[in-house]
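Read the structure below first, then the notes.
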Amino acid sequence: MTSMANEPATSKVVCTLFDKNPRRIGVSTTDPNFIGYVNGVKIGYFTNNGTSRDDRSDNLCTHNVPVTCYSSASLLDRRSVIDVLRFCSNEGCLELGRRYHGLIIKSGFGVDQFVGTSLVDMYAKCGDMGSAVMLINRMPYLDVASCNCLISGCAKNGLFDEAFSFFMMFDGIDIGPNHYTYTIMLAVCGSLLAIEEGKQLHAQIVKMQYISDTAAGNALLTMYSKCGMMQDAESLFKGLVQRNVVSWTAIINGFKQHRDFEKALRLFCLMSEDGIDPNEYTFSIALASCASMKNLDIGRMFHAQVLKKGLALGDYVGTTIVDFYSGLGEAGDAGKQLKEMGKFASSASWNAHIAGFVHNEKAEEAIEVFADMVKNDEACDEFTYSMILKACSSLPSLVTCEQIHSRVIKAKFVSNMHVGSSLIDAYNKCGSVEDAERVFTQKSSADVVSWNSMIKAYSQNGHPTKALALFQKMIEGGIMPTNSTFLAVLSACSHSGMVQEGQKLFESMVRDYNILPEETHYSCVVDLLGRAGQLENALDFIKNLPVKPTAPVWRPLLAACRCHNNLQMAEFIAKQILELDPNDATVYVTLSNMYTEAGQYTDAEKQRKLMTVKDVAKEPGCSWIEINNRIYRFFSHDKSCSESPRVYQKLKQIVQQIEKRGYTLSAKEDNVALYHSEKLAVGFGLINLPAGKRIRVFKNLRVCPDCHSFLKYLSTIVDKEIVLRDNYRFHHFKQGCCSCGDFW
DNA sequence: CTAGGGTTAG
């Protein structure tokens, strides 16, 4: 045996093996996870994970399966055997299929080629590839249908390299691929974005005269559109001998996937003119397009159409409707749809409702729906946990986060990429780097997303050195960084004044990792230079960008001008930003306050007037107050809070009292954030906050004694409901106070 | 008779 113990064979290795006229694939009898050997060399590795849906088979056994299932073997007939196996394949009932397999062996139908193929298909579709391969090897002879089942099984289980290997097998044995085989392989190419291989298959299809087969044509169409070649897909579509509803759906979905929603909807109309009726697939795509376009009217129209056709309660269409309404903030309609779906609702439908609340920053409502979902015994999946953890981060609530974490552990989702990284993110946002660290180290295998989350956690919680060290470790571990990785390390450098490191990283991004910088990276570099006071360098950087600078690229430089008192440059930058985004309230606030501090009161007032005339100050979640020619802006994640007159009065009172006490509320900071956590207001922006940074105070946050007493003072004047937690950590720490940035 | 093509969400 070779030493390839834990890695799947690559198609390259396998292809060369198959080139040498392979005879037979074999399977290990001792290790159920090994799929097989060719001429004594292992070619693949399967994980036997087909048991995940077994909980469903008990129900299905008692309700939906033909009676013969329970009858003695002698009562089985060939027809129903095949029917039941097809049923198991479609529903993913592995356990039921296994039991049925036993009956089949007893009855003697096991030797039947068609029954054998159905069995292979059942195991493959249920995810038990080990058994599928074992059966293939025991079949008296292989035919194209059984091979297709095997290849299709690989493809459905994400084993694309293995699918290719088995496809190559056709060259070595007497049977050849047929049109079924090509459709399967085209789907594999689509998933791998393997356009070259796809084109080769296209050529073979033409040569073999399968091109007139509708399914093959549709598979080609999908392959091209998945690979991003929409022009080829469209011309292929136009040239199709026969366009059925699947062809139309495929091309419409292609344009939807590439975010050309208008074109997608235009084609939807053309389709009806062509006399083809849209079905549930087409409607799902159309509704999802409306959701992405944020077009409530057209979406409602589609909703009406599916209602009329009686398709509105199906899992996919129904869920898309929930998603459509909740994504547009129409939570009422979303909830109504979910309720109407009743038992037809799947976990996806619930997830869509939760996601809508999370995206619209209504974390509490999201958690309520989650509680409802649990109460309804709906199984939570990776999406549910990932979404609900995002809700925890925006609250932010450590307690809720811990509760969800325990559910995640119980449901065995910690190792899932999305759930794991959301967990790290959530602990990060709740201020507990220690917990984030624990999740990260306990994950059996870390994926790049989790590495990114952990680096970001260090970076955002005042551990820039740790962030960079972890980045180094990641590179040494051979993990390819992504653009988010660089965002995290660049911001770590920027917040800790490591200008040179930051610049080096930015350069290596393109040079060593071939990652094209985006707007956010440029913005980070501008921030890096600006914070360090290198205003001219930052300006040069922007001027020399290969693309036209956008408002988000200019903004950090304006903030830097404010910090470093460069009014002249601030005026120039302000002009640039307003040209790109005339409604940016920050610009007026910043300029006005800078003029006030420079004693240019007329100029200051001019800015405030402009701001009022343009009515730009009314950002959601933000209110502002003018005291002594200065503007203070208050942010709160709770819209109703920042917009309520009572709160407005309260805030005004606070600022006045603060000023009366001789404090200058944020000499360099015009934004004051008001956060709530678990019904407590936990923080205020304070003196000398770096621009753009809003403070959050959590129980484990490191606050220096000065700020602590200031925060305590604030808490006494704000409101009775607003109480600060008294368990800050008070010891010497190496990184700065999260409030004022001072070192203690 | 057995195998194939199009749908939801981080």
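Following our numbering, the numbering of the first sequence begins with 123 at its first residue and continues without gaps. Heads up, the beta-carbon is just placed ideally off N, CA and C, and yes, glycines get one too. Because the structure is a prediction, the values reported are computed rather than measured.
### Task
Could you tell me the boundaries of the alpha helix (DSSP H) in which aspartate 547 lies?
Numbered from its first residue, the first sequence carries residue 547 at position 425. Run containing aspartate 547: 539 to 551, per the alpha helix (DSSP H) assignment.
### Query
Between methionine 244 and glycine 224, which are expected to be in contact by the criterion C-beta below 8 Å, what is the C-beta distance as a whole number of angstroms?
Counting from one through the first sequence, the residue named residue 244 turns up at place 122. Counting from one through the first sequence, the residue named residue 224 turns up at place 102. Contact flag wrong, Cβ pair sits at about 13 Å.
### Query
Would you report the Cα separation of methionine 596 and serine 606, rounded to the nearest angstrom?
For the purposes of this step, residue 596 is taken as the residue at position 474 of the first sequence. For the purposes of this step, residue 606 is taken as the residue at position 484 of the first sequence. About 13 Å.
### Task
Would you kindly check if the distance between the Cβ of alanine 456 and the Cβ of serine 448 is under 7 Å?
Here the question's residue 448 lines up with position 326 in the first sequence. Here the question's residue 456 lines up with position 334 in the first sequence. It is a contact, given that the beta carbons lie within the stated cut-off.
### Task
Output the boundary residues of the alpha helix (DSSP H) element that contains serine 519.
Here residue 519 refers to the residue found at position 397 of the first sequence. First-last for serine 519: undefined, no H or E at that position.
#### Entry: Continuous alpha helix (DSSP H) stretch holding aspartate 419: start and end
As a working note, residue 419 is residue 297 in the first sequence. Counting along the chain, the alpha helix (DSSP H) containing aspartate 419 begins and ends at 418 to 431.
### Task
Kindly indicate which three-state DSSP category arginine 752 falls into: helix, strand or coil?
As a working note, residue 752 is residue 630 in the first sequence. Reduced to three states, the DSSP call for arginine 752 is strand.
### Task
Would you give the residue range spanned by the alpha helix (DSSP H) that threonine 344 belongs to?
Stepping through the first sequence from its first residue, residue 344 is reached at position 222. Here the alpha helix (DSSP H) through threonine 344 covers 336 to 348.
### Message
Taking contact to mean 3 or more Cβ pairs, one atom from each stretch, closer than 8 Å, check whether the region 391 to 398 and the region 427 to 438 are in contact.
### Response
no
### Query
So alanine 474 packs on threonine 441, CB below 8 Å; how close in whole Å?
Position 352 of the first sequence, counted from the start, is the residue given in the question as residue 474. Position 319 of the first sequence, counted from the start, is the residue given in the question as residue 441. Contact flag correct, Cβ pair sits at about 5 Å.
### Query
Is histidine 585 helix, strand or coil when you go by DSSP?
One-based indexing of the first sequence puts residue 585 at position 463. If DSSP states are grouped into helix, strand and coil, histidine 585 belongs with coil.
### Task
Tell me whether glutamine 729 is buried or exposed, calling it buried when 16 or more other Cβ atoms sit within 10 Å of its Cβ.
Here residue 729 refers to the residue found at position 607 of the first sequence. Result: buried.
### Entirely enclosed alpha helix (DSSP H) segments - the region 195 to 268, minimum 4 residues
200 to 213, 216 to 229, 235 to 247, 251 to 260
### Message
Taking only three categories from DSSP, how would you classify glutamate 641?
### Response
By 1-based counting over the first sequence, the position of residue 641 is 519. DSSP places glutamate 641 in helix when its eight states are reduced to three.
### Query
So, valine 555 versus asparagine 574, is the Cβ gap smaller than 7 Å?
As a first step, residue 555 is located in the first sequence; it is residue number 433 there, counting from the start. As a first step, residue 574 is located in the first sequence; it is residue number 452 there, counting from the start. No, the Cβ-Cβ distance between valine 555 and asparagine 574 is not below 7 Å.
### Same chain only: Cβ atoms within 6 Å of serine 613, ignoring 5 sequence neighbours per side
Counting from one through the first sequence, the residue named residue 613 turns up at place 491. Same-chain partners within the cutoff: Ser581, Cys646.
### Message
Between the alpha carbons of cysteine 552 and phenylalanine 292, how many angstroms are there, rounded?
### Response
By 1-based counting over the first sequence, the position of residue 552 is 430. By 1-based counting over the first sequence, the position of residue 292 is 170. Those two C-alpha atoms are separated by around 56 Å.
### Message
Considering only heavy atoms of the ligand COA, does any lie closer than 6 Å to the CB of valine 621?
### Response
Looking for the ligand COA in the displayed structure turns up nothing, as the structure carries no ligands at all.
### Task
Note down, in chain order, each residue of its chain lying with its Cβ closer than 8 Å to the Cβ of glutamate 504, except the 5 sequence neighbours on either side.
Residue mapping note: residue 504 aligns to position 382 of the first sequence, counting from 1. Closer than 8 Å at the Cβ level, and outside the excluded window around glutamate 504, lie Phe535, Asn538, His540, Val541.
### Query
CA-CA distance, methionine 716 and isoleucine 699?
The residue given as residue 716 occupies position 594 in the first sequence. The residue given as residue 699 occupies position 577 in the first sequence. Roughly 16 Å separates the two Cα atoms.
### Query
When we look at the beta-carbon of lysine 360 and count the other beta-carbons within 10 Å, is it buried (16 or more) or exposed?
Looking up residue 360 in the first sequence gives position 238. Result: exposed.
### Task
With a 10 Å radius around its C-beta and 16 neighbouring C-beta atoms as the bar for buried, classify lysine 348 as buried or exposed.
For the purposes of this step, residue 348 is taken as residue 226 along the first sequence, with counting starting at 1. Per the 10 Å Cβ criterion, buried.
#### Entry: Nearest-angstrom Cα separation, counted from valine 611 out to phenylalanine 593
Taking the first sequence and counting its residues from 1, the one referred to as residue 593 is at position 471. Taking the first sequence and counting its residues from 1, the one referred to as residue 611 is at position 489. Rounded to the nearest angstrom, the two C-alpha atoms are 7 Å apart.
### Message
Helix, strand or coil for lysine 821? Go by DSSP, reduced to three states.
### Response
Stepping through the first sequence from its first residue, residue 821 is reached at position 699. Because lysine 821 sits at a pLDDT of 32, beneath the cut-off of 50, its placement in the model cannot be relied upon, and the following sentence gives the value as read from the coordinates. The answer is coil: DSSP assigns lysine 821 none of H, G, I, E or B.
### Task
Would you mind sorting proline 704 into buried or exposed? The rule is 16 or more other CB atoms within 10 Å of its CB.
The residue you call residue 704 lines up with position 582 of the first sequence. It is exposed - the Cβ of proline 704 has fewer than 16 other Cβ atoms within 10 Å.
### C-alpha distance - isoleucine 273 paired with glutamate 318, whole-angstrom precision
Sequence index remark: in the first sequence, residue 273 carries index 151 (1-based). Sequence index remark: in the first sequence, residue 318 carries index 196 (1-based). Roughly 20 Å between the two C-alpha positions.
### Backbone CA spacing between threonine 404 and phenylalanine 424 [nearest angstrom]
By one-based count along the first sequence, residue 404 stands at place 282. By one-based count along the first sequence, residue 424 stands at place 302. For threonine 404 and phenylalanine 424, the distance between alpha carbons rounds to 11 Å.
### Task
Take the Cβ of tyrosine 304 as the centre, count every other Cβ of all protein chains shown within 10 Å, and call the residue buried at 16 or more, exposed below.
Translated into positions along the first sequence, residue 304 becomes position 182. The residue in question, tyrosine 304, is buried, as its Cβ has 16 or more Cβ neighbours within 10 Å.
### Task
Mind reading off the beta-carbon distance from tryptophan 472 to glutamate 500? Whole number of angstroms is fine, and I expect it under 8 Å.
Along the first sequence, read from residue 1 onward, the residue named residue 472 stands at position 350. Along the first sequence, read from residue 1 onward, the residue named residue 500 stands at position 378. Between glutamate 500 and tryptophan 472 the Cβ distance is about 5 Å, and since that is below 8 Å, they are a contact.
### Task
Grab the span of the alpha helix (DSSP H) containing histidine 475 for me, first residue to last.
Position 353 of the first sequence, counting from 1, holds the residue named residue 475. Looking at the DSSP string, the run of the alpha helix (DSSP H) that includes histidine 475 is 469 to 481.
### Task
Determine the direct distance from the alpha carbon of glutamate 462 to that of leucine 661, and round the result to whole angstroms.
Residue 661 sits at position 539 when you count from the first residue of the first sequence. Residue 462 sits at position 340 when you count from the first residue of the first sequence. Looking at the two C-alpha atoms, the distance is approximately 57 Å.
### Task
Take the Cβ of threonine 563 as the centre, count every other Cβ of all protein chains shown within 10 Å, and call the residue buried at 16 or more, exposed below.
Along the first sequence, read from residue 1 onward, the residue named residue 563 stands at position 441. Under this definition threonine 563 is an exposed residue.
### Message
Could you tell me the alpha carbon to alpha carbon distance between glutamate 284 and glycine 376, rounded to whole angstroms?
### Response
By one-based count along the first sequence, residue 284 stands at place 162. By one-based count along the first sequence, residue 376 stands at place 254. When rounded, the distance between both Cα atoms is 27 Å.
### Message
Between the alpha carbons of isoleucine 373 and methionine 345, how many angstroms are there, rounded?
### Response
In the first sequence, the residue the question calls residue 373 occupies position 251. In the first sequence, the residue the question calls residue 345 occupies position 223. Straight-line Cα distance between these residues: approximately 11 Å.
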